[in-house]
Amino acid sequence: MLESKLGFFRRGLTTVFIIVNMGSLIRGKVSLKSLFGQSCILPCRFTPGDDLVIHWFKMTPTNTKVHSYYDNKDHLEHQHQRFRGRTSLFQNQISKGNASLQLTGVMVQDEGPYRCLTSTITETGEFDINMKVYGTRNPENWRKSKCFSSVSPIHCILPCSFTPGDYLEIYWVQLTPTQAGFHSYYDNKDHLEHQHQRFRGRTSLFQDQISKGNASLFPAGDETVIHWIQMTSPEKPAHSFYYNTDQLQRQHQGFRGRTSLFQEQISRGNASLLLSGVRVEDEGRYRCYSSVLAGNHDISCPAVTDATFLIWRFNHSEEIVRGKAGGPHSPPEKWKKHIVESSSEKLTLKHLQPSLTGIYTCEIRNDTGTFIRSSDVLIIEGKVRSSLVQSRNVK
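Structure representation (structure tokens):
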């Protein structure tokens with residue numbers, strides 16, 4: 017009996033860790049791979065019995081509900097919306113002990129641990145499945161495009177455009193044997209929890225241009241970056257600016273000596289290109305890639321000796337950091353790319369942008385009381401202005 021279960025779990029799986037029968041409790045743990053955009057089967061077996069209940073969860077802090085079955089039918093009223101219309105059980109095999117889940121249209125965000133819980137009058141089962149998502153080899157919508165690069169690969173832009181529509185998902189994947197994912201965007205925001213560690217803090221999308229069909233990827237940095245490209249085939253680099261100076265090493269020869277930016281206006285958001293001696297071959301479409309990201313900025317805490325506990329908040333209610341004063345701290349995913357350091361002395365932010373404008377509050381506790389300081393941080397035109405709003409002690 018045990019060998020038959022092991023045989024079931026071996027099919028299509030990376031590793032089988034353990035299958036153990038503990039009286040009325042059956043436990044198992046497996047790992048599998050799935051291709052992005054394809055269907056996959058998450059295996060789960062149980063000993064048939066009466067009053068069967070099946071619950072599938074994705075193991076998140078809130079235990080995301082994936083699929084439920086009881087009273088001899090599916091119950092999907094509490095299913096998370098991301099899984100709607102994408103899950104099914106093998107109905108004709110449930111009576112034979114098969115509680116496996118079929119998941120269609122696999123997405124990058126489907127990656128992670130799942131748990132299958134089964135229960136009958138005589139037995140309870142708990143199976144953990146860890147799913148890894150890999151890119152398909154030849155997806156229909158993949159496009160090949162040259163990276164528009166300067167001398168330094170730090171400032172390489174990967175161009176990508178699409179026809180705008182509803183339910184947008186953007187996935188950037190490096191074409192390596194492991195299909196390393198390096199940027200994902202869906203539900204109108206970045207999702208970098210599965211980003212390969214080698215790319216952390218190094219990628220960004222042009223957020224204000226996504227709705228217009230621009231999914232190009234550019235490097236996160238701490239200075240103004242401007243690239244002008246003539247949209248021909250192949251694309252022609254017209255002008256680049258970074259490190260506070262023009263960078264024309266890769267400029268197409270047809271533009272040599274004919275382009276310039278309004279240097280004194282760049283800090284005010286003007287990235288316009290002046291093209292002199294216009295020629296017939298200059299006719300066509302041009303694209304401007306720009307990012308204005310301020311450098312690091314420190315927000316200070318009140319000076320407190322023997323601090324034991326620390327909380328950083330944004331706009332009074334959103335917690336950025338919570339934990340022991342000495343750390344380590346694990347900020348929410350949306351803040352990870354912006355926080356360089358969090359301590360009882362200061363909060364250091366990077367990749368600054370206007371959306372980070374607001375009130376930052378530091379709350380420190382020790383044996384004598386609680387110490388609170390609030391600072392107003394304004395980020396505009398790539399510059400930061402910070403002022404103290406309030407500082408108080410609570411005994």
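Note that the sequence shown covers residues 17 to 411 in the working numbering. From the three backbone atoms N, C-alpha and C, an ideal C-beta is built for every residue, glycine too.
Measuring C-alpha to C-alpha distances from D206 to each of I375, N382, P348 identifies P348 as the nearest. A direct Cα-to-Cα measurement between P318 and E361 gives close to 7 Å.
Under the rule that a run must span 3 or more residues, the beta strand (DSSP E) segments found entirely inside the stretch 363 to 388 read 374 to 382.
Looking from the CA of F62, the closest CA among D126, I137, G101, M75 belongs to I137. N312 is a Cβ neighbour of L365, given a cutoff of 8 Å. Given a length threshold of 3 residues, each whole run of the beta strand (DSSP E) inside the stretch 216 to 269 is given here in chain order: 219 to 221, 233 to 235, 240 to 246, 252 to 258.
Counting the other Cβ atoms within 10 Å of the Cβ of D126 gives 16 or more, which makes it buried.
For E251, the CB contacts under 6 Å within the same chain, skipping 5 residues up- and downstream, are I245 in chain order. C132 and V82 have their C-alpha atoms roughly 10 Å apart. K81: member of the beta strand (DSSP E) spanning 80 to 86, first to last residue. Less than 8 Å divides the Cβ of V69 from the Cβ of S135. The beta-bridge partner set that DSSP reports for F198 is empty. Taking the Cα positions, S256 is about 17 Å away from D298. In this structure, the straight-line span from the alpha carbon of K228 to that of L264 is close to 28 Å. T76 and P129 have their C-alpha atoms spaced approximately 8 Å apart. The Cβ atoms of S55 and Q107 lie no closer than 8 Å to each other.
Between T219 and H199, the CB-CB gap stays under 8 Å. Beta-carbon to beta-carbon, K74 and T80 are separated by about 4 Å, close enough to satisfy the 8 Å threshold.
Ranked by Cα distance from L290, the options Q279, V296, G300 are led by Q279.
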